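J.:
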Amino acid sequence: MKKITLKSPVGLAVVLASSNVLAGGFALNEQSISGMGSGFAGRSSSAEDASTVFGNPAGMARLKREQASVGAATLFAKSDISQTRSTFGGKEDGDMVPTTTVPMGYYVKPIDEHWAFGVGFYVPFGLITDYGSGFAGRYYANKSEVTTLTFQPTISYAFNEKVSIGFGPTINRIGGEISGMVPNPLSPGRNDGKLKSTGDDTALGFNAGVLVQATDQTRLGLTYHSKVSYHLDAKTKVTDGIFSVLGVSGRSYDASLDVDTPESVDFSVTHQLNNDWTLYAGSTWTRWSRFKELTIENSGLPPLLSGQLGTISEEQNWHDTWAHAIGAAYQLNDQWVLRGGFSVDQSPTNNTNRGPRIPTGDRKVVSFGAGWTPVDNVTIDLAYSYLWEESVQINDTSATRGAYSAKYKNSASGFGTSVSYRF
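In mature numbering (1 follows the signal peptide of the UniProt record, and there is no 0), the protein residues as written are -23 to -1, 1 to 400.
#1: Does M13 come out as helix, strand or coil in the three-state DSSP assignment?
#2: Can you tell me the Cα-Cα spacing of K384 and Y108, whole angstroms?
#3: In whole angstroms, what is the alpha-carbon distance linking I(-20) and P162?
#4: Exposed or buried, which one is S174 when buried takes at least 16 other CB atoms within 10 Å?
#5: Which of helix, strand or coil does DSSP assign to G318?
#6: Within 10 angstroms of the Cβ of residue 411, are there 16 or more other Cβ atoms? Answer buried if so, exposed if not.
#7: For the region 82 to 95 against the region 359 to 370, do three or more pairs of beta-carbon atoms, one drawn from each stretch, fall closer than 8 Å, so that the two count as touching?
#8: Report the rounded CA-to-CA distance for Q60 versus S382, giving the unit in angstroms.
#9: What is the residue span of the beta strand (DSSP E) that F128 lies within?
#10: Buried or exposed for G224, please, with buried defined as at least 16 other CB atoms from any protein chain shown within 10 angstroms of its CB.
#11: For a test of the three-state rule: what should DSSP assign to I371, helix, strand or coil?
#12: Counting Cβ pairs closer than 8 Å, one from the region 11 to 24 and one from the region 52 to 71, do we hit at least three?
#13: Would you please state the rounded distance, in angstroms, between the beta carbons of S229 and T213? I believe it to be under 8 Å.
#14: How should K41 be labelled, buried or exposed, when 16 other C-beta atoms within 10 angstroms of its C-beta is the threshold for buried?
#15: Report the rounded CA-to-CA distance for R115 versus M158, giving the unit in angstroms.
#16: So, helix, strand or coil for I219, using DSSP?
#17: Between which residues of its own chain and T374 is the CB-CB distance below 6 Å, once the five residues before and five after are set aside?
#18: Going by CA-CA distance only, name the one from L126, S133 and A135 that's closest to I148.
#19: Rounded to a whole number of angstroms, what is the C-alpha to C-alpha distance between N252 and A113?
#20: Would you kindly check if the distance between the Cβ of S46 and the Cβ of Y99 is under 8 Å?
#21: Along the beta strand (DSSP E) that carries V225, what are the first and last residues, could you check?
#22: Give me the Cβ distance between G318 and G16, rounded to the nearest whole Å; I'm assuming they're in contact under 8 Å.
#23: Quick one: is T326 buried, meaning 16 or more other Cβ sit within 10 Å of its Cβ, or exposed?
#24: For A302, count neighbouring C-beta atoms within 10 Å of its own C-beta (all shown protein chains included) and say buried if the count is 16 or more, exposed if not.
#25: How big is the Cα-Cα spacing for S141 and K204?
#26: Comparing alpha-carbon positions, which option in S245, S344 and A211 lies nearest A389?
#27: Among P351, F400 and D231, which one has its Cα closest to the Cα of A211?
#28: Taking DSSP as the reference, what is the three-state secondary structure of G391?
#29: From A347 to Y257, what does the alpha carbon distance come to, in whole angstroms?
#30: Roughly how many whole angstroms lie between the Cα atoms of A118 and V189?
#31: By a C-beta neighbour count over all protein chains shown, 10 Å radius and 16 as the cutoff for buried, is T351 buried or exposed?
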């Protein structure tokens, strides 16, 4: 039985730790529709509506009226998979990413000339891929689905008209499901077993920021999003294939893993060029280098499996990344503002350890948006973004799972809308 190597549970840790990707490698930035329209340039310095609770808590000091904002972004992703080679054959399955909708909601209330209070609910991280059981790389990836929900109560303090600070603890709930096919050594490539892992946890973090009105026209923002440390109590269920042969099909086993999602720092500039034009620029650094390897501990396994599956580790060796964005807004008239932006974002993965669960490469994003204020206390924001990644190569080899290689080319479109109401 030592030829049976089941690394699929590690995939759950991969998905959870790589929580800055959505749908097999697409960045999930959609926490603000107004920010989405300008490519998230100026995210920590614009403070245009209640979504600043996420972008920069210090920006609440600029909102002079109580307001609430709710919205959602829908993402349509596509992966072109080509040049597939697999020991055991199967489908290329380029359409493995379902349509995904990301909700958000914020509320800000000024208390006096110095203090403001706000709350935010948003989805900072997520991933969904579903290749199907006939996928050529099914022994390395099948289905992955992870959602992180964050609730953030927040306060800000304005020292004067030029400098403010803000802080908000984050309560983060993460849940995931992952499945993978397991080769049957008695009939390689046929009669596969299946392994499904599920886990969840709640953990605390925080967001903090400072906002400086450097000149009458220029505003600077700096936001820190802390790392979040999760300890997941998971369940691993085995069915069919070799597990039927071993008489354990249908059984569930306890598992646990520790995952730290990385901290990030966002710096941006907002410049009011004139009464019509506003310019934005920003950069974000993310400490993905924490993600060196993944280790999962399985317990309660029968003796035939405990030797191979008791402790499983898999190298990732990710690196820190930078994302840069520029954008602009044009005030067409009292009711309409038009926005646009462009951003570039590094992938944290490397060519050696990259796998089909996260086949991501460096990406570019172009964005367009508009804000419509039909009456003084209501604004409706709309945004569209198109993302495309460089082509990346996947090369996986295992003595028991065979070889899988393919070329991936990812792209995605995102549509967002939100409504802000000022009391």
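A virtual CB, placed ideally from N, CA and C, is assigned to each residue, including glycine.
Computed from a prediction, not measured in an experiment: that's the story for all the values here.
T.: Reading it off the structure:
#1: In the sequence shown, counting from the first residue as 1, residue 13 sits at position 36. Three-state result, M13: helix.
#2: Residue 384 sits at position 407 when you count from the first residue of the sequence shown. Residue 108 sits at position 131 when you count from the first residue of the sequence shown. A straight line joining the alpha-carbon of K384 with that of Y108 spans about 15 Å.
#3: In the sequence shown, counting from the first residue as 1, residue -20 sits at position 4. In the sequence shown, counting from the first residue as 1, residue 162 sits at position 185. Reliability fails at I(-20), whose pLDDT of 36 lies under 50, so the model's placement of it is uncertain and the value that follows must be treated cautiously. Computed Cα separation, rounded: 7 Å.
#4: What you label residue 174 is simply residue 197 of the sequence shown in a count that begins at 1. Flag for S174 reads buried.
#5: Along the sequence shown, read from residue 1 onward, the residue named residue 318 stands at position 341. Strand at G318.
#6: Lying outside -23 to 400, the shown extent of the chain, residue 411 is not represented and no answer is given.
#7: Contact fails between the region 82 to 95 and the region 359 to 370, because fewer than three Cβ pairs, one in each stretch, are under 8 Å apart.
#8: To locate residue 60, count along the sequence shown from 1; it is residue 83. To locate residue 382, count along the sequence shown from 1; it is residue 405. A direct Cα-to-Cα measurement between Q60 and S382 gives close to 8 Å.
#9: For this step, residue 128 is matched to residue 151 along the sequence shown. F128 -> beta strand (DSSP E) spans K120 to A135.
#10: Taking the first residue of the sequence shown as 1, we reach residue 224 at position 247. Under this definition G224 is an exposed residue.
#11: Reading the sequence shown from its first residue, position 394 is the one you call residue 371. Correct three-state label for I371: strand.
#12: No contact exists between the region 11 to 24 and the region 52 to 71.
#13: In the sequence shown, counting from the first residue as 1, residue 229 sits at position 252. In the sequence shown, counting from the first residue as 1, residue 213 sits at position 236. Confirmed, Cβ separation roughly 7 Å.
#14: As a working note, residue 41 is residue 64 in the sequence shown. K41 comes out exposed.
#15: One-based indexing of the sequence shown puts residue 115 at position 138. One-based indexing of the sequence shown puts residue 158 at position 181. Cα-Cα distance, rounded: 6 Å.
#16: The residue labelled residue 219 in the question sits at position 242 within the sequence shown. Here I219 sits in helix by DSSP.
#17: On the sequence shown, position 397 is the one that residue 374 refers to. Same-chain partners within the cutoff: A380.
#18: Taking the sequence shown and counting its residues from 1, the one referred to as residue 148 is at position 171. When each option's Cα is compared against that of I148, the closest is L126.
#19: The count along the sequence shown starts at 1 and reaches residue 252 at position 275. The count along the sequence shown starts at 1 and reaches residue 113 at position 136. Taking the CA atoms as reference points, N252 sits about 57 Å from A113.
#20: Within the sequence shown, residue 99 is the residue found at index 122, counting from 1. Within the sequence shown, residue 46 is the residue found at index 69, counting from 1. No. Outside cutoff.
#21: In the sequence shown, the residue the question calls residue 225 occupies position 248. Counting along the chain, V225 falls outside any beta strand (DSSP E), and DSSP gives it neither H nor E.
#22: As a first step, residue 318 is located in the sequence shown; it is residue number 341 there, counting from the start. As a first step, residue 16 is located in the sequence shown; it is residue number 39 there, counting from the start. With a Cβ gap of about 2 Å, G318 and G16 count as contacting.
#23: Counting from 1 along the sequence shown, the entry for residue 326 is found at position 349. Label assigned to T326: buried.
#24: Counting from 1 along the sequence shown, the entry for residue 302 is found at position 325. Around the beta carbon of A302, a 10 Å sphere encloses 16 or more other beta carbons of the protein chains shown; the residue is thus reported as buried.
#25: Mapped onto the sequence shown, residue 141 falls at position 164. Mapped onto the sequence shown, residue 204 falls at position 227. Near 23 Å, if we compare the C-alpha coordinates of K204 and S141.
#26: Indexing the sequence shown from 1 puts residue 389 at position 412. Of the candidates S245, S344 and A211, the one whose C-alpha sits nearest the C-alpha of A389 is S344.
#27: Counting from one through the sequence shown, the residue named residue 211 turns up at place 234. Comparing Cα positions, the closest option is D231.
#28: Counting from one through the sequence shown, the residue named residue 391 turns up at place 414. In the three-state reduction of the DSSP assignment, G391 falls in the strand class, which pools E and B.
#29: Counting from 1 along the sequence shown, the entry for residue 347 is found at position 370. Counting from 1 along the sequence shown, the entry for residue 257 is found at position 280. So the alpha carbons of these two residues sit roughly 15 Å apart.
#30: Counted from its first residue, the sequence shown places residue 118 at position 141. Counted from its first residue, the sequence shown places residue 189 at position 212. A118 and V189: Cα-Cα distance of roughly 46 Å.
#31: In the sequence shown, residue 351 corresponds to position 374, counting from 1. First, the amino acid is wrong: residue 351 is Pro here, not Thr. So P351 counts as exposed.
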